Amino acid sequence: MASPLLVAKSGKTDLVLLPALANRHGLITGATGTGKTVTLQTLAEQFSRIGVPVFMADVKGDLAGMAKAGGSNAKVAERAKSLKLELKHEACPVVFWDVFGAAGHPVRATVSDMGPLLFARLLGLNDTQEGVLNLVFKIADDAGLLLLDAKDLRAMLQHVGDNAAQFTTAYGNISAASIGAIQRGLVALESQGADRFFGEPMLNIADLMQAQGGKGVVNILAADKLMSSPKLYSTFLLWMLAELFEQLPEVGDPEKPKLVFFFDEAHLLFNEAPKALLEKIEQVVRLIRSKGVGVYFVTQNPLDIPESVLGQLGNRVQHALRAFTPRDQKAVKSAAETMRPNPKLKIEQVISELGVGEALVSLLDEKGRPSVTERAFVVPPGSQLGPISDAERKSALAASPVAGHYEKQVDRESAYEKLKARTDQVMAEKAQQQQPKESSMASDILFGKTGPRGGKQSQGLLEAMAKSAARTVGSQVGREIIRGVLGSILGKRR
Numbered sequence: 007m008a009s010p011l012l013v014a015k016s017g018k019t020d021l022v023l024l025p026a027l028a029n030r031h032g033l034i035t036g037a038t039g040t041g042k043t044v045t046l047q048t049l050a051e052q053f054s055r056i057g058v059p060v061f062m063a064d065v066k067g068d069l070a071g072m073a074k075a076g077g078s079n080a081k082v083a084e085r086a087k088s089l090k091l092e093l094k095h096e097a098c099p100v101v102f103w104d105v106f107g108a109a110g111h112p113v114r115a116t117v118s119d120m121g122p123l124l125f126a127r128l129l130g131l132n133d134t135q136e137g138v139l140n141l142v143f144k145i146a147d148d149a150g151l152l153l154l155d156a157k158d159l160r161a162m163l164q165h166v167g168d169n170a171a172q173f174t175t176a177y178g179n180i181s182a183a184s185i186g187a188i189q190r191g192l193v194a195l196e197s198q199g200a201d202r203f204f205g206e207p208m209l210n211i212a213d214l215m216q217a218q219g220g221k222g223v224v225n226i227l228a229a230d231k232l233m234s235s236p237k238l239y240s241t242f243l244l245w246m247l248a249e250l251f252e253q254l255p256e257v258g259d260p261e262k263p264k265l266v267f268f269f270d271e272a273h274l275l276f277n278e279a280p281k282a283l284l285e286k287i288e289q290v291v292r293l294i295r296s297k298g299v300g301v302y303f304v305t306q307n308p309l310d311i312p313e314s315v316l317g318q319l320g321n322r323v324q325h326a327l328r329a330f331t332p333r334d335q336k337a338v339k340s341a342a343e344t345m346r347p348n349p350k351l352k353i354e355q356v357i358s359e360l361g362v363g364e365a366l367v368s369l370l371d372e373k374g375r376p377s378v379t380e381r382a383f384v385v386p387p388g389s390q391l392g393p394i395s396d397a398e399r400k401s402a403l404a405a406s407p408v409a410g411h412y413e414k415q416v417d418r419e420s421a422y423e424k425l426k427a428r429t430d431q432v433m434a435e436k437a438q439q440q441q442p443k444e445s446s447m448a449s450d451i452l453f454g455k456t457g458p459r460g461g462k463q464s465q466g467l468l469e470a471m472a473k474s475a476a477r478t479v480g481s482q483v484g485r486e487i488i489r490g491v492l493g494s495i496l497g498k499r500r
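Given below as structure tokens:
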């Protein structure tokens with residue numbers, strides 16, 4: 007059985023997280039600058055040491071230091087001394103990922119795999135537009151057209167829009183305005199560089215669940231640039247959570263998690279989320295525990311998390327909250343009410359008094375009950391706090407177990423290629439059908455059936471027909487030949 011994970015110390019009391027209950031999820035909250043990132047790093051490091059792989063988003067670039075041993079930070083040394091800890095300074099095995107492929111291995115999903123529900127959120131569609139997008143996905147499925155990348159979806163939208171009348175009977179009304187709105191949303195998404203996320207090879211979830219030298223690999227998503235597109239960030243992480251839920255087998259209650267997933271800036275997940283999506287999130291969080299996955303939300307305020315989800319987060323680390331405004335005061339009260347009372351602590355008052363690195367901690371005990379809330383100092387990590395150099399990041403990428411696999415994008419035949427081939431074929435057939443008619447008309451004019459029969463009327467008729475023939479013939483060479491021949495027949499005009 008895996009050893010308990012030391013999270014914090016309250017005097018002589020060790021506050022530990024039991025690995026067997028780590029898949030009961032958790033919550034790390036607190037105002038900016040109170041130590042949430044360090045707590046996240048400490049937890050990730052502790053999981054890695056017992057062989058549990060971790061996935062986390064690095065929104066500020068600070069977590070990259072997990073790839074390097076610590077020991078040079080005076081504040082860390084001072085905190086360890088005050089807690090009477092002997093820190094083991096060592097690096098964690100780290101794999102860097104990046105949606106844009108710059109600061110890590112490219113990470114991609116196919117459009118079909120993302121699905122219409124998440125895609126509608128990504129594009130900011132209303133209910134009507136989302137309904138039309140669902141029909142587009144359905145039509146593509148029925149026609150055997152793969153939607154792999156952005157150009158596949160764009161081609162499919164144009165195909166459905168151009169042939170809306172023939173799809174209406176079988177699938178329902180397809181509004182041209184809705185098709186246009188989806189296309190505009192897709193163009194806006196591509197302008198942000200998000201189209202790089204869609205395509206193949208798609209991320210293999212098994213590549214996130216590796217171990218090296220007995221330690222779980224810490225997967226770090228470079229999210230500093232991704233955060234400029236909040237919907238893409240939150241939708242991407244939600245897609246990953248859904249993939250884990252769909253692909254991993256049921257394992258019940260293992261001795262330790264198969265994977266721990268940290269969802270930083272968790273408020274972005276729930277902002278403006280439609281009811282259907284919130285229900286999906288609640289369902290995934292509730293059921294993914296049996297897949298051996300622990301989900302830990304990291305955000306400033308407990309009020310950022312809906313109550314239906316908040317009630318499923320058993321392990322809590324609450325850093326300081328500042329009660330400057332009525333909303334802040336409400337958040338402090340809410341945070342205090344969601345933690346197990348301690349007769350020796352006035353939790354609501356203490357939340358506003360906590361220092362940096364200090365927190366109120368309540369973790370599940372052997373019977374799955376929240377422990378009494380304790381005021382404690384979070385244990386500092388043994389890896390480096392803060393970012394690493396570009397050279398160190400490149401070295402880590404080169405030594406990665408997935409180096410070279412995701413870097414080259416694959417573009418196999420899918421909806422775009424098939425629809426383009428159909429269009430090219432139709433154009434070729436039309437051109438072929440039109441060519442004999444043009445040739446026959448020119449021949450009739452030139453060689454007698456409609457030739458001049460004398461008189462000004464016949465000459466005028468012939469001239470009109472000649473102009474019509476000249477407009478019909480497609481090539482520049484053909485027009486020049488007709489002008490030359492007819493010039494000799496009709497003579498020069500004044």
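Residue numbers (our numbering): 7 to 500. Even for Gly, the Cβ is constructed at its ideal location relative to N, Cα and C. Just so you know, these numbers come straight off a predicted model, no measurement behind them.
Check residue i in the structure and name its three-state DSSP category.
| i | result |
| --- | --- |
| residue 32 | strand |
| residue 24 | coil |
| residue 218 | strand |
| residue 233 | helix |
| residue 417 | coil |
| residue 460 | For residue 460, the predicted structure reports a pLDDT of 48, less than 50, and the residue's modelled location is therefore unreliable. A value from the coordinates is still provided. It is coil, neither helix nor strand. |
| residue 259 | coil |
| residue 171 | helix |
| residue 380 | strand |
| residue 157 | helix |
| residue 389 | strand |
| residue 64 | strand |
| residue 166 | helix |
| residue 312 | coil |
| residue 204 | strand |
| residue 412 | coil |
| residue 498 | Its pLDDT being 39, under 50, residue 498 is placed unreliably in this model, and the value from its coordinates should be taken loosely. Coil, per DSSP. |
| residue 104 | strand |
| residue 429 | helix |
| residue 38 | coil |
| residue 301 | strand |
To the nearest whole angstrom, what separates the beta carbons of residue i and residue j, a pair I think is in contact under 8 angstroms?
| i | j | result |
| --- | --- | --- |
| residue 315 | residue 42 | That belief does not hold up - the Cβ atoms of residue 315 and residue 42 are roughly 18 angstroms apart, past 8 angstroms. |
| residue 105 | residue 203 | 5 angstroms |
| residue 13 | residue 24 | The pair is not a contact, with the Cβ atoms about 11 angstroms apart (cut-off 8 angstroms). |
| residue 50 | residue 268 | 7 angstroms |
| residue 151 | residue 397 | About 45 angstroms; that fails the 8 angstroms criterion. |
| residue 110 | residue 228 | 5 angstroms |
Does any C-beta atom of chain C lie closer than 7 angstroms to the C-beta of residue i?
| i | result |
| --- | --- |
| residue 435 | Of the chains in the structure shown, none is chain C; there is only one protein chain. |
What does a CB cutoff of less than 6 angstroms around residue i pick up in its chain, not counting 5 residues either side in sequence?
| i | result |
| --- | --- |
| residue 116 | 154, 208 |
| residue 140 | 122 |
| residue 294 | 251 |
In the DSSP assignment, find the unbroken beta strand (DSSP E) run with residue i in it and report its ends.
| i | result |
| --- | --- |
| residue 367 | 364-368 |
| residue 226 | 224-228 |
| residue 401 | First-last for residue 401: 396-404, but that is the alpha helix (DSSP H), not the beta strand (DSSP E). |
| residue 338 | Where residue 338 is concerned, there is no enclosing beta strand (DSSP E), although the alpha helix (DSSP H) it sits in stretches over 332-343. |
| residue 322 | 321-324 |
| residue 12 | 11-16 |
Assuming residue i is part of the alpha helix (DSSP H), what are its boundary residues?
| i | result |
| --- | --- |
| residue 140 | 133-148 |
| residue 355 | 353-357 |
| residue 193 | 182-197 |
| residue 126 | 117-129 |
| residue 55 | 42-55 |
| residue 3 | Past the boundaries of the shown model lies residue 3; the chain is included only from 7 to 500, so the question cannot be answered. |
| residue 291 | 281-293 |
| residue 114 | First-last for residue 114: undefined, no H or E at that position. |
Given 6 angstroms as the limit, tell me if residue i has its C-beta closer than that to any heavy atom belonging to the ligand SAH.
| i | result |
| --- | --- |
| residue 295 | Annotation note on the ligand SAH: not contained in the displayed structure, which lists no ligands. |
By a C-beta neighbour count over all protein chains shown, 10 Å radius and 16 as the cutoff for buried, is residue i buried or exposed?
| i | result |
| --- | --- |
| residue 383 | buried |
| residue 125 | buried |
| residue 399 | buried |
| residue 7 | exposed |
| residue 416 | exposed |
| residue 9 | exposed |
| residue 46 | buried |
| residue 401 | exposed |
| residue 321 | buried |
| residue 114 | buried |
| residue 30 | buried |
| residue 511 | Only positions 7 to 500 of the chain appear in the structure, and residue 511 is not among them; the question remains open. |
| residue 343 | exposed |
Please work out which residues of its chain come closer than 8 angstroms, Cβ to Cβ, to residue i, disregarding the five sequence neighbours upstream and downstream, and give them in chain order.
| i | result |
| --- | --- |
| residue 199 | 106 |
| residue 44 | 363, 384, 386, 387, 391 |
Within its chain, find whatever has a CB closer than 7 angstroms to the CB of residue i; leave out the 5 residues flanking it on each side and keep chain order.
| i | result |
| --- | --- |
| residue 259 | 26 |
| residue 245 | 115, 120, 124 |
| residue 222 | 53, 54, 57, 58, 59, 60 |
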